[in-house]
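Worksheet for the structure shown next.
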Amino acid sequence: MSCGDVAAALGSQFRPLRGFSGRSVRRWCAEQGLVRDFCPDSQLEVEIADSIAEGARNLNPIPYYAQYMGHKLHVDQNEKLVMFGVTHVMAIDGFSKKVVSHFTMPIKNNILIYEEVYRPAVLSYGLWDQNHVIERMWSEVNARVNYPLKTALVEMVDQEEVDMEDNTSKYCVSNLTCQLARIGITKVTEAWNAHRIPGKGIPNELAKEGCPAKIPADLLPVGSVAADLYHQGPVFQRIHFWI
Numbered sequence: 013m014s015c016g017d018v019a020a021a022l023g024s025q026f027r028p029l030r031g032f033s034g035r036s037v038r039r040w041c042a043e044q045g046l047v048r049d050f051c052p053d054s055q056l057e058v059e060i061a062d063s064i065a066e067g068a069r070n071l072n073p074i075p076y077y078a079q080y081m082g083h084k085l086h087v088d089q090n091e092k093l094v095m096f097g098v099t100h101v102m103a104i105d106g107f108s109k110k111v112v113s114h115f116t117m118p119i120k121n122n123i124l125i126y127e128e129v130y131r132p133a134v135l136s137y138g139l140w141d142q143n144h145v146i147e148r149m150w151s152e153v154n155a156r157v158n159y160p161l162k163t164a165l166v167e168m169v170d171q172e173e174v175d176m177e178d179n180t181s182k183y184c185v186s187n188l189t190c191q192l193a194r195i196g197i198t199k200v201t202e203a204w205n206a207h208r209i210p211g212k213g214i215p216n217e218l219a220k221e222g223c224p225a226k227i228p229a230d231l232l233p234v235g236s237v238a239a240d241l242y243h244q245g246p247v248f249q250r251i252h253f254w255i
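The sequence shown stops at residue 255 when you use the numbering used here, and every number in between is there.
Listed below in structure tokens is the structure:
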């Protein structure tokens, strides 16, 4: 809105009073410091281009794409409840979006992650080509499992019903919360795998054929054996166990 528009509106509103000319409005605006800085179109284009270039590094130039079940496996951990002795690890297929395995433990343990997350997923579905971190799945787990549990636990600590400085209490809280969290995550993943993703389909249906590359159980040692092999030295350096 220009000063002329303001002057016309004021003149119409307060007629027959005088003193609402465009010049008067401009003078009053200048006295109040209400002066609009002028930016030529050429300068505006430069500013916009610089802003776009500055934020371009935050954008992925290649859209995410998983070609088939078994192309990309996303494995990640969640430590929203780590202060209460609860850590989640989940694996999800990038193509079907199916949660293929998950496990809840007191603290992060790589041998348990291999034994309870990666190994069961590979034995059940086959071998994935690539491993990545999970995207956008933890928000569901946080909203339905972690935050309700955390709210209750924080309230108990605030009311001094639980002493997290006491090792016995800490162990009991961790043990019980892990069990509750496992129940919650199991229900979340079952619901997720059975729901229809718009434009994609149902994860259970998309993943029913499994991965193209199957692997027998004898090629995937249990966690303790895999850890021993990993630490035996140069002979096994070319074998990359996911631990």
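Glycine residues also receive a C-beta, built at the ideal position from the N, C-alpha and C atoms.
Source: prediction; values computed, not measured.
So, is Lys120 buried or exposed, given that buried needs 16 or more other C-beta atoms within 10 angstroms?
As a working note, residue 120 is residue 108 in the sequence shown. Exposed: under 16 other Cβ atoms inside 10 Å.
Among Val111, Val174 and Met102, nearest to Met81 - alpha-carbon criterion
Here residue 81 is taken as the residue at index 69 of the sequence shown, counted from 1. Comparing Cα-Cα distances from Met81 to each of Val111, Val174 and Met102, the minimum goes to Val111.
Do three or more CB pairs link the segment 212-227 to the segment 124-138 at distances below 8 Å?
yes
Going by the beta-carbon positions, is the gap between Pro233 and Leu241 smaller than 9 Å?
For the purposes of this step, residue 233 is identified with residue 221 of the sequence shown, where counting begins at 1. For the purposes of this step, residue 241 is identified with residue 229 of the sequence shown, where counting begins at 1. Closer than 9 Å, so yes.
Checking the sheet assignment: what are the DSSP bridge partners for Ile209?
Translated into the one-based positions of the sequence shown, residue 209 becomes position 197. Note: Ile209 sits in a beta bridge opposite Gly213.
Give a yes or no on whether the C-beta atoms belonging to Glu128 and Val101 are separated by under 9 Å.
Numbered from its first residue, the sequence shown carries residue 128 at position 116. Numbered from its first residue, the sequence shown carries residue 101 at position 89. For Glu128 and Val101, yes; Cβs fall inside 9 Å.
Run the CB neighbour count on Cys184, radius 10 Å, all protein chains shown included, and call it buried at 16 or more, exposed below.
Indexing the sequence shown from 1 puts residue 184 at position 172. By the 10 Å Cβ count, Cys184 comes out exposed.
Excluding the five sequence neighbours on either side, which residues of its own chain have a C-beta within less than 6 Å of the C-beta of Cys190, listed in chain order?
Residue numbering aside, residue 190 sits at position 178 when the sequence shown is read from its first letter. For Cys190, where only same-chain residues beyond five positions count, the Cβ hits under 6 Å are Val98 and Thr116.
Asn158, DSSP secondary structure in three states
Here residue 158 refers to the residue found at position 146 when the sequence shown is read from its first residue. Correct three-state label for Asn158: helix.
Beta-bridge partners of Asn90, as assigned by DSSP
Counted from its first residue, the sequence shown places residue 90 at position 78. Looking at the DSSP assignment, Asn90 forms a beta bridge with His100.
Residue span of the beta strand (DSSP E) that contains Ser108, given as start and end:
For this step, residue 108 is matched to residue 96 along the sequence shown. It is not in any beta strand (DSSP E) - Ser108 carries neither H nor E in the DSSP assignment.
Under the rule that 16 or more other beta-carbon atoms within 10 Å means buried, what is Ile197, buried or exposed?
By one-based count along the sequence shown, residue 197 stands at place 185. Result: buried.
Would you say Ile119 reaches chain D, if we count a Cβ-Cβ gap shorter than 9 Å as a contact?
The displayed structure is made up of one protein chain only, and chain D is not part of it.
Determine the extent of the beta strand (DSSP E) in which Asn122 is found, giving its start and end residues.
Here residue 122 refers to the residue found at position 110 when the sequence shown is read from its first residue. Where Asn122 is concerned, there is no enclosing beta strand (DSSP E), although the alpha helix (DSSP H) it sits in stretches over Asn122 to Ile125.
Whole-angstrom Cβ separation of Leu305 and Gln142, contact assumed at under 8 Å?
Nothing can be reported for residue 305: it is not among the residues displayed for the chain, which extend from 13 to 255.
If you follow the alpha helix (DSSP H) that Trp140 is part of, which residue opens it and which one closes it?
Reading the sequence shown from its first residue, position 128 is the one you call residue 140. Careful: Trp140 lies outside any alpha helix (DSSP H) and carries neither H nor E.
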